[in-house]
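Visitor: Below is one structure. I have some questions about it.
2 protein chains.
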Amino acid sequence: MSVPETGMRLRAMARAGTWTGPTAGVAPGHAQANLVILPREFAFDFFLFCQRNPKPCPVLDVTDPGNPEPSRVAPGADLRRDLPLYRVHRPGLPPSETADITDLWKSDSVAFLLGCSFTFDHALAAAGIVPRHMEEGRNVPMYRTSVQTAPAGPFRGPLVVSMRPMTPRDAETATALSARFPRSHGAPVHLGDPATIGIRDIGRPDYGDPVTIRPGEIPVFWACGVTPQAVIADAGIDPVITHAPGHMFVTDLVDMPE
Amino acid sequence: MSVPETGMRLRAMARAGTWTGPTAGVAPGHAQANLVILPREFAFDFFLFCQRNPKPCPVLDVTDPGNPEPSRVAPGADLRRDLPLYRVHRPGLPPSETADITDLWKSDSVAFLLGCSFTFDHALAAAGIVPRHMEEGRNVPMYRTSVQTAPAGPFRGPLVVSMRPMTPRDAETATALSARFPRSHGAPVHLGDPATIGIRDIGRPDYGDPVTIRPGEIPVFWACGVTPQAVIADAGIDPVITHAPGHMFVTDLVDMPE
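Residue numbers (the working numbering), protein chains in the order written: chain S, 1 to 258; chain C, 1001 to 1258.
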C-alpha cells in the first residue's frame, strides 16, 4: 500500500478503515496534530492549560462545541473518524483504543488540535539529520518526566517529552532549527543526562518505542503533545478522548518555519 | 509629576489614584495590555474568539476564575484596581467609566490580557519612526472597520484597527518591524485607502483621537486590542469590564521582538 501524499487522502483512508497504523512519514510537508476531546465544561480550563504550557501544547485549532469539523486546518474533516486510532481515557481504568469515536461524540464535545513534532522531524530529515525513530521505522520514544507543567483547573501533572539521539554538533543544528517551529514544540527542553529530568531508564520509554543511541550521541528532549494524556488522569473527566500515540490527525496545513 | 519607569510603579500609582491618565509612554520597554473581564460561563467562547483572531487578540495571560492576580505577567498586581481607568459594558447601555472595579469582581470573573500596540510604537520610535499620536501627545486613533472577525459563540463583529500615518518608505520599515511582534498585533492589516476597509472619515476615529496626516503620507492600519469592545455589544453579557481605550494594564514583561 502506498503512503498517502495528502492529509485529505490519509483522512479518507482512516475513515474507510484502510489506514490503521501510525502516521509518521504520511503526507510529507503537512502538519500533523495531537488530539484532545473533552466536554465543554472542562474546555476553558484545558484551554488555559495549553496557554500556560505552550511548548507541549501549541494550539493549532479548537472546534465549536458539538461540531467535529476542524474547519480552519482541515475543512470537511470529521474528527470522530479521520484518525487511524484513538485512545479513550476513563477515570480509574486503563485507556482503551478504538478506530471510531462516533458513539462517544456528544453535543457538548470540544476538540483541541495541538502541534506535533513530526513537523520538525520532517525539517530535520530535510537538513540531513534523520531522526533515529524514522531511520529505524519506529514510533518516537516518549517519557514522563519529573518536570511539572503549569497547572490550570483540574489539569496538573508531569511534562512528557520525546527523545531523539544525535551528536552534540547535530543537536546544536536541531536546536536552532526546531526553535523556528513554535507550533511544533519549538526548541528542546533538555539535552543530555536523562536523570536530570527524572527519566530513570532511557531504554524503556513510557510511550512509543525505544531507539538505538550510538556511541558519541546524546539524547535530546522536546516537549511532547502526549503531555495532556499524562495530566488528565486525575482530572476526573469521563471520558477524555485522544489520538493513540503516533496515530495523529493529519491537517491540510503546510509545515512552515515561523 | 514624573512618568513612572516601571509597571509596578504605574500600577501602584493607579491603585492609589495618583495616576488617572492614559499609559502611552509609561514604563518604556515594558509590555502593556488590553483587558477583558467576563464571567467564566463565557470564558471558553472568548478564548476561542482570541485563538481565531490572533492579530487583534494576542493572549498574554488569562487568570484563574476569581483570582485578580495575573501572576505570569505581573506578580502581585490586582486587576481590580491597577489600571488607571476601566469601562463597564452592560447590554443596551452606553459604557460607563470607573477607576476601580472591586465591587464588580465576582468569584467566577476571568480576566484576559491581550497584547497592545504600544509595544511596537516603542520599537518604531526607537527606529526613528515616531508614531504621530506620540508626537502630538494624543491617544492613537482607532476605527471600526467593515472587516469581520472570525466568530466564536456569541462573539462576532467588526475588526477595530489603530492608524499611524507615515511615508510609504517608513511604512515598509514599520511593516517589517511590527511583523516581529506577533504578541503586539504583528504586521499591518491594511495600508492606504481607508474606504477599502469601510472607514468613511479618517478624521473621525471611533475611539481615541484624530492625528495629522501630512502630504505624502499614507495611513497604515494595525489590528487593535479594542476589537473585543466592538464584538461584546450583542453578546448579552452583563457586565463585561475592559480597560478604557488608551488606559492599559502595564505588565512586568520586557518588550522583545520574536
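For each residue, glycine too, the CB sits at the ideal point set by N, CA and C. Note that the structure is predicted; figures quoted are calculated from it, not measured.
#1: So C:Leu1114 contacts chain S; which residues on that side make the cut at Cβ distance below 7 Å?
#2: Grab me the residues of S:Ile101's own chain with a C-beta within less than 6 Å of its C-beta, minus the 5 sequence neighbours each way, in chain order.
#3: Would S:Ala33 pass as an interface residue toward chain C - the criterion being a Cβ-Cβ separation below 8 Å?
#4: Look at the alpha carbon of S:Glu69 and the alpha carbon of S:Thr251, and state the distance between them as a whole number of angstroms.
#5: What is the DSSP secondary structure of C:Arg1052, counted as helix, strand or coil?
#6: Could you pull out every residue in the same chain whose Cβ sits closer than 7 Å to the Cβ of C:Val1211, ignoring the five residues on either side in sequence?
#7: Leaving out five residues before and five after C:Arg1015 in sequence, what residues of the same chain have Cβ atoms less than 6 Å from its Cβ?
#8: For S:Ala43 and chain C, any beta-carbon pair shorter than 8 Å?
#9: Given a limit of 7 Å on CB to CB distance, which residues of the stretch 1134-1148 of chain C reach chain S?
#10: In terms of residues, what are the limits of the beta strand (DSSP E) holding S:Arg260?
#11: In or out: C:Val1254 buried (at least 16 other Cβ within 10 Å) or exposed?
#12: Measuring only the C-alpha atoms, how far is S:Arg183 from S:Phe49?
#13: Should C:Asp1061 go down as buried or exposed, given a rule of 16 or more other Cβ atoms within 10 Å for buried?
#14: If you draw a straight line from the C-alpha of C:Ala1127 to the C-alpha of C:Thr1119, how long is it?
#15: Less than 8 Å between CB atoms is the rule here; does C:Gln1229 satisfy it with respect to chain S?
#16: State yes or no: is the beta carbon of C:Leu1048 nearer than 8 Å to at least one beta carbon in chain S?
#17: Looking at C-alpha atoms only, which residue of C:Phe1047, C:Ala1150 and C:Ala1125 is the closest neighbour of S:Arg72?
#18: Determine the contact status of S:Thr20 and S:Pro84, defining contact as a CB-CB distance below 8 Å.
#19: Please return the same chain residues whose Cβ sits closer than 6 Å to the Cβ of S:Tyr207, not counting the five positions on each side in sequence.
#20: Out of S:Met248, S:Met256, S:Pro257 and S:His243, which one is the CA nearest neighbour of S:Glu97?
#21: What does the Cβ neighbour count give for C:Ala1223, buried or exposed, with the cut at 16 atoms within 10 Å?
#22: Which ranges would you report for the beta strand (DSSP E) in the stretch 1084-1120 of chain C if only whole runs of at least 3 residues count?
#23: Any beta carbon of chain S sitting closer than 8 Å to that of C:Arg1040?
#24: Taking S:Val36 as the query, report the chain C residues whose CB atoms sit under 9 Å from its CB, ordered along the chain.
#25: So, with DSSP's three-state summary, where would you put S:Leu79?
#26: Considering only residues of the same chain and omitting the five flanking positions on each side of S:Ile129, which have a CB-CB separation below 7 Å?
#27: Grab me the residues of S:Pro154's own chain with a C-beta within less than 8 Å of its C-beta, minus the 5 sequence neighbours each way, in chain order.
#28: Is the stretch 107-118 of chain S close to the stretch 27-38 of chain S, with three or more CB pairs under 8 Å?
#29: List the residues of chain S that C:Val1059 touches, going by C-beta distances under 9 Å, in chain order.
#30: Since C:Pro1065 and C:Asp1108 are thought to touch, with beta carbons under 8 Å apart, how far apart are those beta carbons, to the nearest angstrom?
#31: Tell me where the beta strand (DSSP E) around S:Ser178 begins and ends.
#32: Note down the Cα distance separating S:Gly29 from S:Val59, rounded to an integer number of angstroms.
#33: Please decide whether C:Val1062 counts as near chain S, where near means a Cβ-Cβ distance under 8 Å.
#34: Applying the 10 Å Cβ sphere with the 16-neighbour rule, what's the burial state of C:Asp1121?
#35: Give me the Cα-Cα distance between S:Phe221 and S:Gly25, rounded to the nearest whole angstrom.
#36: Beta strand (DSSP E) containing C:Thr1251: first to last residue?
Guide: By the coordinates alone:
#1: The premise fails here: C:Leu1114 is roughly 12 Å from chain S at the closest Cβ pair, so nothing lies under 7 Å.
#2: Excluding residues within five positions, the ones whose Cβ falls inside 6 Å are Arg80, Tyr86 and Ile241.
#3: Taking a beta-carbon distance threshold of 8 Å, S:Ala33 does not count as an interface residue toward chain C.
#4: The straight-line gap from Cα to Cα measures roughly 11 Å.
#5: C:Arg1052: helix per DSSP, three-state reduction.
#6: Only Arg1132, His1133, Glu1136, Arg1138, Pro1141 and Pro1165 meet the Cβ criterion.
#7: Non-local beta-carbon contacts of C:Arg1015 in its own chain, meaning distances under 6 Å to residues more than five positions away in sequence, involve Arg1081 and Asp1082 in chain order.
#8: Residue-level contact check: S:Ala43 touches chain C, since one or more beta carbons of chain C fall below 8 Å from its beta carbon.
#9: Cβ contacts with chain S: none found.
#10: Outside the shown range of chain S (1 to 258) lies residue 260 of chain S, about which nothing can therefore be said.
#11: C:Val1254 is exposed by the Cβ-count criterion.
#12: In a straight line, the C-alpha of S:Arg183 is about 16 Å away from that of S:Phe49.
#13: With 16 or more Cβ atoms within 10 Å of its Cβ, C:Asp1061 is classed as buried.
#14: Roughly 13 Å separates the two Cα atoms.
#15: Under the 8 Å criterion on CB atoms, C:Gln1229 is classed as non-interfacial with respect to chain S.
#16: C:Leu1048 counts as touching chain S.
#17: Among C:Phe1047, C:Ala1150 and C:Ala1125, the Cα nearest to that of S:Arg72 belongs to C:Ala1150.
#18: A contact, by the Cβ cut-off of 8 Å.
#19: When the five nearest sequence neighbours on each side are left out, the beta carbons in the same chain lying within less than 6 Å of the beta carbon of S:Tyr207 are those of Met142, Val226 and Pro245, in order along the chain.
#20: Out of S:Met248, S:Met256, S:Pro257 and S:His243, S:His243 has the C-alpha closest to the C-alpha of S:Glu97.
#21: C:Ala1223 comes out buried.
#22: Entirely contained in the stretch 1084-1120 of chain C, the beta strand (DSSP E) runs reaching 3 residues are, in chain order, 1086-1089, 1096-1098 and 1109-1115.
#23: Put simply, the CB of C:Arg1040 is near chain S, with a gap under 8 Å to one of its CB atoms.
#24: Neighbours of S:Val36 on chain C: none; closest Cβ ~14 Å, over 9 Å.
#25: It is coil, neither helix nor strand.
#26: In chain order, Met166, Asp170, Thr173 and Ala174 place their CB closer than 7 Å to the CB of S:Ile129, counting only its own chain and leaving out the 5 sequence neighbours on each side.
#27: Around S:Pro154: Phe42, Asp45, Asp234, Ala235, Gly236 and Ile237.
#28: As far as the Cβ criterion goes, the stretch 107-118 of chain S touches the stretch 27-38 of chain S, which means the pair count is three or higher.
#29: The CB of C:Val1059 comes closer than 9 Å to the CB of Gln51 in chain S, given here in chain order.
#30: Contact holds; Cβ gap of about 5 Å.
#31: Where S:Ser178 is concerned, there is no enclosing beta strand (DSSP E), although the alpha helix (DSSP H) it sits in stretches over Pro168 to Ala179.
#32: Cα to Cα, the separation comes out at about 19 Å.
#33: The C-beta of C:Val1062 comes closer than 8 Å to at least one C-beta of chain S.
#34: With at least 16 other beta carbons inside 10 angstroms of its own, C:Asp1121 counts as buried.
#35: So the alpha carbons of these two residues sit roughly 20 Å apart.
#36: Note, C:Thr1251: beta strand (DSSP E), Phe1249 to Val1254.
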